[in-house]
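Take a look at the structure set out below.
Number of protein chains: 2
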Amino acid sequence: MKETDEFTHEERRGVYRAIYERRDVRSHFLPEPIPDHVLNRVLDAAHHAPSVGFMQPWDFIVVRDAAVRSAVYENFECARRQAAELYQGEQRKLYDGLKLAGIADAPVNICVTCDQNRAKGNGLGRQTDPSVALYSTVCAVQNLWLAARAESLGVGWVSILDFDRLKVTLGIPAELTLVAYLCIGYVSEFRQKPDLEEKGWETRGSLESVTHFDKW
Amino acid sequence: MKETDEFTHEERRGVYRAIYERRDVRSHFLPEPIPDHVLNRVLDAAHHAPSVGFMQPWDFIVVRDAAVRSAVYENFECARRQAAELYQGEQRKLYDGLKLAGIADAPVNICVTCDQNRAKGNGLGRQTDPSVALYSTVCAVQNLWLAARAESLGVGWVSILDFDRLKVTLGIPAELTLVAYLCIGYVSEFRQKPDLEEKGWETRGSLESVTHFDKW
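In order, the protein sequences belong to chains X and H.
Here the first sequence is numbered in my numbering, starting from 9 and rising by one per residue.
Here the second sequence is numbered in my numbering, starting from 9 and rising by one per residue.
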């Protein structure tokens, strides 16, 4: 390995900081716009994700238009209320108190789709598990998330949405799979812990409890 | 935002280096063992991935045993030959010349599974798209991959495998989903470009061609 392939101590620290200080941001977005060259850097980071057979199955829809975001917000509110019915008593009170999306507050939303039939890659690596095209797209999302943290941008992943309705709103071709809807923007703060941990929704398990050796 | 929340120039460069210099490594593994504390760092990076509802649906099986790896290699060879039938002529010649996995060469393999029914997270965010549990697990894989790059460790994702057979080999409970099988180890070099690009299998598309604004 060339010496220049090695990371400096500080570069390595940057990678771990991004991983440990990344948050799923819902509550702390600021309205400041994201400069185009910064947004471009995080999108290019996403575009350099690994992909099965070098298929690059993703597309990114950058949503800034307030009317579009407000339609998405309505979709979210509807899905959030429906999902609320699952919870009762204390858990329901906790659920109702959680802020679950920053669709309207964040200046930019990004919808990430996957074209599972994209010709690129010539099918390599996709015969035994067709989900790998979706997985490649998720790798792009995680690249974007970490690059954003390095740029002091918060990202929130909204999964409580009616995807069919969202595809119509955004004009996404029916044959594509909607993988992620992200809110992105500068923030007033990065919390030390995940929101759901801080609010008592769930605790972090130990690494030991999910690590096995040689066999399950 | 606190000043300390900001990344230094070099920390930010580390994040982008990991993203741009990460490779899907198949050919350049060295036999040197990975020290436990280093392996632990990359696993802990994976364990700090985002997860829907803070569900943490992943498990990691660290495979070092040569007999187990050799059984997995046999599985891969079988699946690789089967997949080869898809390609003809020049493409078949190219396919046969590609090295597609480092299962036996890399000192450590890591199998990553997803428990889609894990109680953790209380179902939050999983009603509208149940795939998000799988997606959380893929985020863990990408965290691991980037942390590994910062540690000068190469990672290769093997998708050409009979997953049912692999689950039996590793004793994975039937109800879990096998998401990724990774090879990890120190390397003789990190190539400048993806293998599949270098060998002429596929080219990288432009970011512009996959970016849309406000609507598809």
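Don't be surprised by glycine CBs; every beta carbon is placed ideally from N, CA and C.
Measure the alpha-carbon distance for residue i versus residue j and round it to whole angstroms.
i: X:C147; j: X:A54; result: 8 Å
i: H:D32; j: X:P58; result: 7 Å
i: H:L178; j: X:K223; result: 5 Å
i: H:N130; j: H:D113; result: 41 Å
i: H:E11; j: X:E18; result: 17 Å
i: H:P181; j: H:L174; result: 11 Å
i: H:L142; j: X:A141; result: 13 Å
i: X:R157; j: X:V50; result: 10 Å
i: X:A91; j: X:E40; result: 32 Å
i: H:V76; j: X:D123; result: 35 Å
i: H:D13; j: H:L161; result: 27 Å
i: X:L108; j: H:M9; result: 21 Å
i: X:R126; j: X:Q99; result: 43 Å
i: X:G208; j: X:F84; result: 23 Å
i: X:Y103; j: X:A87; result: 13 Å
i: X:E206; j: X:K101; result: 15 Å
i: H:N48; j: H:A155; result: 11 Å
i: X:Y184; j: X:R20; result: According to the sequence displayed, residue 184 of chain X carries Leu and not Tyr. In a straight line, the C-alpha of X:L184 is about 36 Å away from that of X:R20.
i: H:P138; j: X:S214; result: 24 Å
i: H:E82; j: H:D172; result: 14 Å
i: X:F15; j: H:Q96; result: 42 Å
i: H:V176; j: H:R72; result: 17 Å
i: H:W165; j: H:N151; result: 13 Å
i: X:D52; j: X:D67; result: 12 Å
Measure the CB-CB distance between residue i and residue j and report whether it falls below 7 Å.
i: H:V163; j: H:F37; result: no
i: H:F198; j: X:P202; result: no
i: X:I118; j: H:H220; result: no
i: X:T121; j: X:L186; result: yes
i: H:I110; j: H:R212; result: Checking the displayed sequence, the identity of residue 110 of chain H turns out to be Gly instead of Ile. Not closer than 7 Å, so no.
i: X:G22; j: H:G105; result: no
i: H:V80; j: H:E159; result: no
i: X:Y189; j: X:L204; result: no
i: H:K128; j: X:E210; result: yes
i: H:I192; j: X:H56; result: no
i: H:P65; j: H:S144; result: yes
i: X:G133; j: X:V60; result: yes
i: X:V149; j: X:I42; result: no
i: X:W153; j: X:R30; result: yes
Check the DSSP bridge columns for residue i and list the partner residues they point to.
i: X:W165; result: X:L190
i: H:H220; result: X:I69
i: X:V60; result: Note: X:V60 sits in no beta bridge, so no partner.
i: X:V50; result: The partner list for X:V50 (beta bridge, DSSP) is empty, contrary to what the question assumes.
i: X:T185; result: X:C122
i: X:V195; result: X:F37
Which of helix, strand or coil does DSSP assign to residue i?
i: X:W66; result: strand
i: X:T211; result: coil
i: H:Y95; result: coil
i: X:A127; result: coil
i: X:D137; result: coil
i: H:S160; result: coil
i: X:D113; result: coil
i: H:E11; result: helix
i: H:K107; result: coil
i: H:L154; result: helix
i: X:L132; result: coil
For residue i, report the span of its alpha helix (DSSP H) as first-last.
i: H:T177; result: F171 to L178
i: X:I27; result: H17 to E29
i: H:F84; result: A74 to A92
i: H:L204; result: D203 to E206
Between which two residues does the beta strand (DSSP E) containing residue i stretch?
i: X:V120; result: V116 to C122
i: H:F37; result: H:F37 -> no beta strand (DSSP E), and no H or E assigned at all.
Shorter than 6 Å, the distance from the beta carbon of residue i to the closest heavy atom of the ligand SAM, or not?
i: H:V146; result: The ligand SAM is not among the ligands present in this structure, which contains no ligands whatsoever.
Using a C-beta to C-beta distance shorter than 9 Å, which residues of chain B count as neighbours of residue i?
i: H:I192; result: This model lacks chain B altogether; the protein chains it does include are X and H.
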